[in-house]
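**Q**
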Amino acid sequence: MSQNRSASLAPVALPDEQMQVRVVWLYYMEGRTQGEIAEALSTNRLRVNKIIAEARRSGLVTITLNSRLTSCVALEQQLAAEFSLNRAIIVPTPEDAELIPVLLGQAAADYLVQLLNGGNIRGVGVGWGATLREMVRHMPSLRRPDLCVNSVMGGLTHGIEINTFDIASDLARQLTAECAYLAAPIYAGSPESRTAIINQDVFETAFRQIEANDVIVLSIGDMTERSLLMRYGLPSNINIEELVAAGACGDVLGQFVDKTGRPIEHAINRCAIAPELEALRAIPNVIFASGGLNKAQAIAAVLLSGLGNVLICDEDTARQARQLALDLRASSGS
1 MSQNRSASLA PVALPDEQMQ VRVVWLYYME GRTQGEIAEA LSTNRLRVNK IIAEARRSGL
61 VTITLNSRLT SCVALEQQLA AEFSLNRAII VPTPEDAELI PVLLGQAAAD YLVQLLNGGN
121 IRGVGVGWGA TLREMVRHMP SLRRPDLCVN SVMGGLTHGI EINTFDIASD LARQLTAECA
181 YLAAPIYAGS PESRTAIINQ DVFETAFRQI EANDVIVLSI GDMTERSLLM RYGLPSNINI
241 EELVAAGACG DVLGQFVDKT GRPIEHAINR CAIAPELEAL RAIPNVIFAS GGLNKAQAIA
301 AVLLSGLGNV LICDEDTARQ ARQLALDLRA SSGS
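With UniProt numbering as the guide, the letters of the sequence shown map in order to residues 1 to 334.
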């Protein structure tokens, strides 16, 4: 009777299976170290290590990341692959949109520190704007007297705190680095005036220094009143409607681009005291740090342009910019 009843029961787990389950439970659920597990189960750390590795391979253990960052990491991989980026850094979009520049600035500071610590960086060029202002605020103090920080575009006469001169000088101070300015307004009065300005010896030297940078960090402007350039920087004889009618969806280095990332046909682009956009392609590290849904179309344009190789953005904006860029790419057949 006893034998028949035993035969009807499901077979008991094999000792090896019991060992596997116990090791996995103690490791993943109770947080025990491999040494503690080996001692508790009267075995050795090598066997525990092999059991844990095999549990992952066999599917006995699967890992799910319950984190807001999971979707950001997946989006980073998509953006890098689809737009030939060296790196995409995506942060969760905060409920308060006013915090976006703060979060992106912190991410940009962290990434710039990685570059400075990991490579032979001798020149860092910076633009201007709220996000880059936050980048400087989050930069740790480093000692890099071999480094030159320089502004890569002319500045505004308003909004001093976010101006290119202050951002360059404050970043240089944080890094104990040299500092060089492009001491000019963002726009000359005419294309001819720009030519006369940049042909001066002091500006020729400044532009050579910009072209020699290892890193340039820039923001991206949009065509709304939220843009500091729209509010403070446009020449008095040019308005937003005129630029939008010419196809502009945003600006880089004070030069306006259309939805495909190409410079628009407008005289203002020939007045900008900054390198031409094509010059960015020769810089090893061009970082665009920009976010907010108002900038999604402009960010999409920059992704399509190929002018940069690093994007730092918030998730909601990056997701929308990605879709806009992919849709435009599909409609153009490229």
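C-beta: ideal position from N, C-alpha, C; glycine also.
(1) Could you tell me the distance, in whole angstroms, from the CA atom of Val91 to the CA atom of Thr70?
(2) Using beta-carbon positions only, say whether Leu182 and Ala206 come within less than 8 Å of one another.
(3) Considering Cα atoms alone, identify which of Ile100, Arg194, Arg173 and Ile210 is closest to Asn285.
(4) Going straight from the alpha carbon of Gly155 to that of Phe165, what length do you get?
(5) Say the cut is 7 Å; is the CB of Glu178 nearer than that to a heavy atom of the ligand GDP?
(6) Report the start-end ranges of each beta strand (DSSP E) in the segment 95-176 that is 3 residues or longer and not cut off at the edges.
(7) To the nearest angstrom, how far is the alpha carbon of Ala296 from that of Ala318?
(8) Considering Ile264, what are the terminal residues of the beta strand (DSSP E) in which it resides?
(9) Decide if Gly189 is buried, meaning its Cβ has at least 16 other Cβ atoms within 10 Å, or exposed.
(10) Per DSSP, what are the beta-bridge partners of Tyr187 in this structure?
(11) Quick check: the segment 92-101 against the segment 249-261, are there 3 or more CB pairs under 8 Å?
(12) Comparing alpha-carbon positions, which option in Glu315, Ser141 and Ala245 lies nearest Ala109?
(13) If you compare alpha carbons, which of Asp146, Arg144, Gln77 and Asp170 is closest to Trp128?
(14) So which of Phe83, Arg47 and Glu265 has the shortest CA-CA distance to Leu326?
(15) Closest to Val136 by C-alpha separation, out of Ser227, Ala168 and Asn86, would be which residue?
**A** In terms of the structure at hand:
(1) 10 Å
(2) yes
(3) Ile210
(4) 7 Å
(5) Inclusion of the ligand GDP in the displayed structure is not the case, the ligand content being empty and no account of it being possible.
(6) 123-126 and 148-151
(7) 7 Å
(8) Note, Ile264: premise wrong, no beta strand (DSSP E); not H, not E.
(9) exposed
(10) Ala272
(11) no
(12) Ser141
(13) Asp170
(14) Phe83
(15) Ala168
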